[in-house]
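Asks: For reference, the structure I am asking about is given below.
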Amino acid sequence: MNIVQRQSIIVFFNNIKKIGPIKKIGDVDYVSKDMHYLILYVNKSNVEESLKKIRGFEMVRSAYISPRSDLRVDYSQDYSAEEDEQ
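If you're matching positions, the sequence shown starts at 1 in the UniProt record's numbering and goes up one per residue.
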């Protein structure tokens, strides 16, 4: 089984009623009606062309690749056993 790498894109929009075309580009994970943004997952191989399409819609204020995949999640090396004893 081949696992496809995914990348999240954060999209800020003006009107929630017109986000239909964005839903066709990828999988919508979260929509905030109050803050007017959504989180969209697309294939990592198509992320640049998807971002270009999304930015072309008139209802989109801004869109960018989420930095979440670049964040460090393993903090076990930050503390050594000597620091825990003190």
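For each residue, glycine too, the CB sits at the ideal point set by N, CA and C. Computed from a predicted structure; not experimentally measured.
I need the straight-line Cα distance from Met1 to Arg72, nearest angstrom please.
Replies: Those two C-alpha atoms are separated by around 27 Å.
Asks: Within 8 Å, do at least three Cβ pairs link the stretch 55-66 to the stretch 14-22?
Replies: Taking 8 Å as the limit for Cβ pairs, the verdict is that the stretch 55-66 does touch the stretch 14-22.
Asks: Rounded C-beta distance between Lys44 and Gln77? I'm assuming under 8 Å.
Replies: Contact flag wrong, Cβ pair sits at about 27 Å.
Asks: Report back the beta-carbon spacing between Ile19 and Ser66 to the nearest angstrom; my notes put them in contact at under 8 Å.
Replies: Contact flag wrong, Cβ pair sits at about 17 Å.
Asks: Measuring only the C-alpha atoms, how far is Lys33 from Ile39?
Replies: If you take the alpha carbons of Lys33 and Ile39, they lie about 12 Å apart.
Asks: Could you tell me whether the Cβ atoms of Asp27 and Tyr41 are closer together than 7 Å?
Replies: Contact: yes.
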